[in-house]
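Encoded as structure tokens, the structure appears first; notes follow it.
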Amino acid sequence: MARARVRYLSNEDRQFVHEQTMRVLEEIGIAFNTEKAIDLLERAGAPVDRETLRARVPRELVESCLATVPRRILLAGRDPRHDRYLDDGEPIVFSTDGTATYMYDDVTGRRWEGTESDLRDVIRLFEGLDEVDMNWCSICPRDVDPVTSGLRMAAIGLTESGKHLQDEVRHPQQVPAFVEMLETFAGASLHERPIYSVTNCTIAPLQHDREMTEAGIELARAGVPIFVLPMPLMGTTGPMSVLGTCIVNMAELLSAVVLFQLAAPGCALVSGVGSAAAEMRSGLYLCGAPEVGLINMICIEMSRFYGLRTMGSAISTDAKASNLQAGAEGMMSGLASALAGAECILAFGLLDGAQAVSLVKAVLDCDTVGAIRRFVRDDPIDASTALIDDIREVGIGGHYLKAKSTRRFVHSGELWSPAVWQRAPFEAYAGRSLVEDAAARAREIIAANSATPVEDAVLSRVERVIAAYRAAVV
Amino acid sequence: MAKARISYLSDDEKQFVHEKTLQVLSEVGVAYNTPKAIDLLEAAGARVDRETLTAKLTWDVIEPALKTVPGQVLLAGRDPAHDVVLGGERFLCTSDGMTTYWYDDLTGERRAGTSDDLAQITRLCDAMPEIDYLWPTLQTGDVEGELMPLAMQAIMVRNSLKHVQDEVRTPEMVGPILEIYEAACGAPLTERPYFSVTNCTIAPLQHDQEMTEAGLLLCKRGVPIFVLPMPQVGTTGPGTVLSDCIVNMAELLSGIVLFQLTNPGCATISGIGAGVADMRTGGYISAGPEVGLINMICVEMSRFYGLLTQATGMSSDAKAANFQCGSEGGMTALVAALIGSDSLIAAGGFDGVQQSSLAKIVLDCDQIGALRRYRRSDAVDEAHALIDDIKAVGIGGHFLGRKSTRSFAHSEVWRPEVFQRGTFEEFKDTPLVEQAVERAREVLAGYEPAPLSDDAERHIDAVIAGYAAGLKA
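Taken in sequence, the protein lines are chains G and B. Under our numbering, the first residue of the first sequence carries the number 974, and numbering increases by one thereafter. Under our numbering, the first residue of the second sequence carries the number 358, and numbering increases by one thereafter.
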């Protein structure tokens, strides 16, 4: 079977990157910023500084913690038919992305701050798009109660869709409410049905976010998979080289592996790649640059070297609308991640450096994802696909249209077809643009509202959890 | 040095594809359709059938031919400053062609291309540094059919300084076309290979008599030949990606053998034109994952045979220079770049290569720039990893003020000309396509290729007039 794979580093290069990453961890160290982490590291034999809440991380500790990270990770859906696994032999899991402030309408060019109603539409769209395997709450609504916004967004994400949901939890005091709410939706403990996972964002260079980390420790202990997401930006919070930024990314990642495996041995943990480049005039985040594709390749390779499952960040763009730049940037970096072997890839719907969500883009990205899936599929290279008998029979100057094998292979998916991309003759579209076609499809899917409904009793309990949390905080 | 490289077929799988290709060539054979080819092949030991003008080829005929294929090829420009080497360091990109329609990016209308359109788009491609050599992007619908090939070559040499690649369909065209190129560059093509050709086989397993006879003349005149098979999965090729590639490779090797027997050591290159048919309409699909897979397999197999390659391409089936263009083109182009293709048919074609436009050329050039960044080799060492800076900045510091940030900024991060990277507010009134058209117009306003000498102009006019007179007679 052949499957396309990209490789960037030679074996020697890999050893170099590994060695430099270890040196960063052992000689510079990491600011864990929480006593909880320092306690764990000190007990494990790492040299710590309680005043600065920093530690240096010996490579032996990294190795022993890597050994306890599970290789097969379930990302459960509220609706079990949407369960996905990160593992060898499983298809790539394509996730939506986030978290944006704005909605953008590709048809009118209008941009506005997203609302709860927008979030519901977005999640309904994701539920109805078959290429979407799991969700983020892509838009952060401006009109929800800020005290309970994290919980509210998760509740919307799990109500309007039966797919696995990923988001971030920023404060440890939210964790009990989150766990109760999530287990209400799941109807089971999160250890059995992990319907929710979190991103744990480190702060470059070489720091953990105190509150997010403390929340992450409790969530890991409750069975929530942790997607570590370092985000050094070349030239600002990371050095001005792809290679150097990857080393910082990997050092932060491995420090998180150590932290979470010490806190909750055997907890599900995934290496996310969030590093990118900065636009040097403005300092703005650039996610569509080719350097980001290269960063993804290197970090995915290194993560696989460490035996970790990976999430590439990926089908993204700096384009302001769903245009040629958006298609090109997203495809190149998405394909780069897929070829590097990422088990999970962020995709769908974001524009302008992840600042805006477009329903049209989400639909168009589905065809990008479909094309990538076909491209990376394992295909047999043997007599069954070489069709030598047909070549002999049709011979010189014949035609394959009527050959039985042509019909058989067309029906079995040899040739991928897009859902929206336009392939018919020019005249067939009578000037109807691709964006208009995608917008129409988005509207249809949202109107269909196809998620398996949540029982009223569950919804009521969720509301009580959110209200109780609010009351406790306020 | 690290560089991103894709691999697809294992060594065993390459051997399998090789054996199956040989099986097709030796058991089914190829129709050369010209007695000239049959004479050469018979003399080389192939089994031929003079009635059907077909030949069956075995490895003992093919292998010696592959050994005489050069490993690098000069593609000379009219101006030596634009010379490029296929098989050298640089990943070469050409404009795409030949499209029928000129598409107006701003109105969405399209019309048949004209001589003026070809002149304009040729100047644009000539001015864009990302494009290394040129296909005539548009057919000149306003020129009488039989004169069109000559008229198009004249437009190319008058409006560009870069190497030109086109097809020569009949042996009668060889003399006049080469005369135009040699007049334009003032030297024989054996010294300055200013012109190369695609030699398109006809799937399955046939050569075009007239184009092949033209090719036999061309390869003796120093013109590099890019053999370009085009079987389409499901119609002129069998129903799987792999089997279509086997037909592609069989046709390719049959062409390489022919031209090496004609002129051992002549420049012959593997062009990859295999594609996919739309199974509802039989129409040509120029992009999509299967085209990416075909490129991968055919480039890997061509390299297995030691051949230089030209992959296809950055084309799209989209009807405008839009998202679909970027995504489709991005897939096949990135694959071609990272599988190690030597060159790529790149800028300017969409709607299944039926139309071209100003915005598509400009935007494709940014995509080419991004591809080259992906493909670049980079050092993996402490200096490049900026370890000293990581140590100096430490935990929670900032890299903005570091010397290395300034000194690496330009070399490490590629910058597009048009792709939009600033704030939304900066661009909200400037859609990307409009910006690309604006840039095309600026480039065109500021660029004029060096004119041909008066003698060359007169010579070219005389060639065309002479050919026209011959047609009338």
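We put the beta carbon where it would ideally sit given N, CA and C, even for glycine. Keep in mind that this is a model prediction, so the values were computed, not measured.
query: Within 10 angstroms of its Cβ, does B:Tyr804 collect 16 or more other Cβ (buried), or is it exposed?
result: Residue numbering aside, residue 804 of chain B sits at position 447 when the second sequence is read from its first letter. Classification for B:Tyr804: exposed.
- prompt: Are G:Ile1354 and B:Phe373 closer than 8 Å when you measure CB to CB?
  reply: Residue mapping note: residue 1354 of chain G aligns to position 381 of the first sequence, counting from 1. Residue mapping note: residue 373 of chain B aligns to position 16 of the second sequence, counting from 1. Yes, these two residues count as a Cβ contact at 8 Å.
- prompt: Using 8 Å as the limit for Cβ to Cβ distance, is B:Arg730 near chain G?
  reply: As a first step, residue 730 of chain B must be located in the second sequence, where it is residue number 373. Yes - at least one Cβ of chain G is within 8 Å of the one on B:Arg730.
query: For B:Cys682, which residues in chain G fall below 7 Å Cβ to Cβ?
result: The residue you call residue 682 of chain B lines up with position 325 of the second sequence. Those within 7 Å of B:Cys682 in chain G are Leu1297, Gly1300.
G:Met1107 versus G:Ile1065 - alpha carbon distance: Within the first sequence, residue 1107 of chain G is the residue found at index 134, counting from 1. Within the first sequence, residue 1065 of chain G is the residue found at index 92, counting from 1. Using only the alpha carbons, I get a separation of about 11 Å.
query: Got a sec: is the Cβ-Cβ distance from B:Ile478 to anything in chain G below 8 Å?
result: On the second sequence, residue 478 of chain B is found 121 positions in, with the first residue counted as 1. No, no contact with chain G.
- prompt: In chain order, what residues of the same chain have a beta carbon less than 8 Å from the beta carbon of B:Gln711, not counting five sequence neighbours either side?
  reply: Here residue 711 of chain B corresponds to residue number 354 of the second sequence, with the count starting at 1. Closer than 8 Å at Cβ, skipping near neighbours: Thr456, Thr457, Tyr458.
Coarse secondary structure for G:Met1076, derived from DSSP in three states: Position 103 of the first sequence holds residue 1076 of chain G. Strand at G:Met1076.
message: Can you pull out the residues from the segment 377-406 of chain B whose beta carbon lies closer than 9 Å to at least one beta carbon of chain G?
response: Lys377, Gln380, Val381, Glu384, Val385, Gly386, Val387, Ala388
- prompt: Would a check of beta-carbon distances place G:Ala1294 closer than 8 Å to chain B?
  reply: Here residue 1294 of chain G refers to the residue found at position 321 of the first sequence. Closer than 8 Å to some Cβ of chain B, the Cβ of G:Ala1294 qualifies, so yes.
message: I'd like the list of long-range same chain contacts for B:Asp842, defined as Cβ closer than 6 Å, with 5 residues on each side in sequence excluded.
response: Residue 842 of chain B lies beyond the range of chain B shown here (358 to 830); nothing can be said about it.
query: Taking 8 Å as the CB-CB cut-off, is G:Arg1396 touching chain B?
result: Numbered from 1 along the first sequence, position 423 holds the residue referred to as residue 1396 of chain G. Output row for G:Arg1396: interface = yes.
Nearest-angstrom Cβ-Cβ length linking G:Ala1294 and B:Leu789, presumed shorter than 8 Å: Taking the first residue of the first sequence as position 1, residue 1294 of chain G is located at position 321. Taking the first residue of the second sequence as position 1, residue 789 of chain B is located at position 432. Between B:Leu789 and G:Ala1294 the Cβ distance is about 7 Å, and since that is below 8 Å, they are a contact.
query: Alpha carbon to alpha carbon, how far is G:Ala1019 from G:Ala1237?
result: For the purposes of this step, residue 1019 of chain G is identified with residue 46 of the first sequence, where counting begins at 1. For the purposes of this step, residue 1237 of chain G is identified with residue 264 of the first sequence, where counting begins at 1. Cα-Cα distance, rounded: 17 Å.
query: Tell me which same chain residues have a C-beta within less than 8 Å of the C-beta of G:Ala977, skipping the five on either side of it?
result: Numbered from 1 along the first sequence, position 4 holds the residue referred to as residue 977 of chain G. Cβ within range, chain order: Leu1312, Phe1348, Val1349.
message: Here's the rule I'm using: 16 or more other beta-carbon atoms within 10 Å means buried, otherwise exposed. How should G:Gln988 be labelled?
response: Translated into the one-based positions of the first sequence, residue 988 of chain G becomes position 15. Exposed, since its Cβ has fewer than 16 Cβ neighbours within 10 Å.
message: Can you confirm whether the segment 1172-1186 of chain G touches the segment 1225-1235 of chain G when touching is taken to mean that 3 or more C-beta pairs between the two stretches lie within less than 8 Å?
response: yes
task: Using a Cβ cut-off of 8 Å (strictly closer), state whether B:Asn605 contacts chain G.
output: Taking the second sequence and counting its residues from 1, one reaches residue 605 of chain B at position 248. So no, B:Asn605 is outside the interface.
query: In terms of alpha-carbon separation, which member of G:Glu985, G:Ala1430, G:Gln1234, G:Phe1200 lies closest to G:Phe1158?
result: Position 185 of the first sequence, counting from 1, holds the residue named residue 1158 of chain G. The shortest C-alpha separation from G:Phe1158 is found at G:Ala1430.
9 Å Cβ cut-off: residues of chain B touching G:Thr1209: As a working mapping, residue 1209 of chain G is identified with position 236 in the first sequence. Result: His755, Phe756, Leu757, Thr762.
query: Does the Cβ-Cβ distance between B:Phe707 and B:Ser684 come in under 8 Å?
result: Residue numbering aside, residue 707 of chain B sits at position 350 when the second sequence is read from its first letter. Residue numbering aside, residue 684 of chain B sits at position 327 when the second sequence is read from its first letter. No, the Cβ-Cβ distance between B:Phe707 and B:Ser684 is not below 8 Å.
task: Could you name the residues that DSSP lists as bridge partners for B:His741?
output: By 1-based counting over the second sequence, the position of residue 741 of chain B is 384. B:His741 is not bridged to any residue.
- prompt: Nearest to G:Val1447 by alpha carbon, out of G:Gln1146, G:Cys1038, G:Gln993, G:Cys1339?
  reply: Locating residue 1447 of chain G in the first sequence gives position 474, counting from the first residue. Nearest option by C-alpha distance: G:Gln1146.
message: Can you find the residues in the same chain that come closer than 6 Å, C-beta to C-beta, to G:Asp1022, ignoring five residues on each side of it along the sequence?
response: If you number the first sequence from 1, residue 1022 of chain G lands on position 49. No residues qualify anywhere along the chain.
Which listed residue (G:Met1270, G:Val1333, G:Ala1287) has its alpha carbon closest to that of B:Arg732: Residue numbering aside, residue 732 of chain B sits at position 375 when the second sequence is read from its first letter. Ranking G:Met1270, G:Val1333, G:Ala1287 by Cα distance to B:Arg732 puts G:Met1270 first.
message: Taking only three categories from DSSP, how would you classify B:Tyr824?
response: Position 467 of the second sequence, counted from the start, is the residue given in the question as residue 824 of chain B. DSSP places B:Tyr824 in helix when its eight states are reduced to three.
task: Measure the C-alpha to C-alpha separation of B:Gly823 and B:Ala511 and round it to an integer number of angstroms.
output: In the second sequence, the residue the question calls residue 823 of chain B occupies position 466. In the second sequence, the residue the question calls residue 511 of chain B occupies position 154. Approximately 14 Å, taken between the alpha carbons.
field: Under 9 Å (Cβ pairs) to chain B, residues found in the segment 1232-1253 of chain G
entry: Ala1250, Ala1251, Glu1252, Met1253
- request: Measuring only between beta-carbons, confirm whether G:Leu1267 sits less than 8 Å from chain B.
  value: Along the first sequence, one-based indexing puts residue 1267 of chain G at 294. G:Leu1267 counts as touching chain B.
task: Name the residue from B:Ile651, B:Val775, B:Met509 whose alpha carbon lies nearest to the alpha carbon of G:Glu1387.
output: Against the first sequence, residue 1387 of chain G aligns to sequence position 414. Out of B:Ile651, B:Val775, B:Met509, B:Ile651 has the C-alpha closest to the C-alpha of G:Glu1387.
- request: Can you check the segment 499-525 of chain B for any beta strand (DSSP E) of at least 3 residues that lies completely inside it and give the ranges in chain order?
  value: 520-523
- request: Just mark G:Asp1362 as buried or exposed, buried being the case when its beta carbon has 16 or more other beta carbons within 10 Å.
  value: The residue labelled residue 1362 of chain G in the question sits at position 389 within the first sequence. Its Cβ having fewer than 16 others within 10 Å, G:Asp1362 is exposed.
message: Using a Cβ distance threshold of 8 Å, determine whether the segment 1368-1386 of chain G contacts the segment 1326-1334 of chain G, with at least three qualifying pairs required.
response: no
- prompt: Around the Cβ of B:Asp523, are there at least 16 other Cβ atoms within 10 angstroms (buried) or fewer (exposed)?
  reply: Residue numbering aside, residue 523 of chain B sits at position 166 when the second sequence is read from its first letter. Buried.
field: Nearest-angstrom Cα separation, counted from G:Ala1415 out to B:Met636
entry: Counting from one through the second sequence, the residue named residue 636 of chain B turns up at place 279. Counting from one through the first sequence, the residue named residue 1415 of chain G turns up at place 442. One C-alpha to the other measures close to 27 Å.
query: Can you find a CB in chain B that lies within less than 8 Å of the CB of G:Thr1379?
result: Counting from 1 along the first sequence, the entry for residue 1379 of chain G is found at position 406. So yes, G:Thr1379 belongs to the interface.
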